[in-house]
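Below you'll find the structure, written out as structure tokens, and then a few comments.
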Amino acid sequence: KNDRDLILAAITQDCNALRFASKELKKDRAIALAAVSQDGRALRLANQELNNDREIVLAAVTQYGHALQFASIELKNDRVIALAAVSQDGRALEFASAELRDDHEIVSRFLVSPFPS
37 KNDRDLILAA
47 ITQDCNALRF
57 ASKELKKDRA
67 IALAAVSQDG
77 RALRLANQEL
87 NNDREIVLAA
97 VTQYGHALQF
107 ASIELKNDRV
117 IALAAVSQDG
127 RALEFASAEL
137 RDDHEIVSRF
147 LVSPFPS
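Per our numbering, the sequence shown starts with residue 37, numbered consecutively.
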């Protein structure tokens, strides 16, 4: 639970291992980055403070567009992050800020983006 190396190794196999990490390890930036890079859904398991970390959120939405729903309000309004999320899965548009949902480039990307099942 508080063994950093063990949690890091487990996360590379299954990001859900993050749920068994101690509160302290859930705040660990390297662990969170490894988890979201393996599966963007892990953003929901990381410490809430990391939902405002641009690099972590960008890695998460690049891997799983819907991870945008777990991002901070500030990052839901980040154009680069929203574009990455919508490029990965067009349905992620619903989690972008209202302002970005009206952005011409983001809407254009939505229209040609994949909609994974």
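A virtual CB, placed ideally from N, CA and C, is assigned to each residue, including glycine.
If you're wondering where the values come from, they're calculated on a predicted model, not measured in any experiment.
I think residue i touches residue j, with their Cβ atoms under 8 Å apart; what is that distance to the nearest whole Å?
i	j	result
L104	A118	7 Å
V93	L111	5 Å
G101	Q124	4 Å
T98	A120	5 Å
Can you check whether the CB of residue j is closer than 9 Å to the CB of residue i?
i	j	result
F56	A46	yes
A96	G126	no
R90	D114	yes
K59	L86	no
L44	A66	yes
L129	V116	no
Can you tell me whether residue i is buried or exposed? The criterion is at least 16 other CB atoms within 10 Å of its CB, across all chains shown.
i	result
L61	buried
Q49	exposed
F106	buried
S149	buried
N38	exposed
V72	buried
F151	exposed
L54	buried
A132	buried
A134	exposed
Starting from residue i and walking both ways along the alpha helix (DSSP H), at which residues does that stretch end?
i	result
I57	Note that residue 57 is Ala in the sequence shown, not Ile. Premise fails: A57 is in no alpha helix (DSSP H) and is neither H nor E.
D41	R40 to Q49
Any heavy atom of the ligand MG closer than 8 Å to the Cβ of residue i?
i	result
A95	With respect to the ligand MG, the structure shown offers nothing to examine, as it has no ligands at all.
Next on the checklist: Could you tell me which whole alpha helix (DSSP H) segments of length 4 or greater appear in the segment 70 to 150?
Outcome noted: 90 to 99, 109 to 112, 115 to 124, 134 to 137 and 140 to 148
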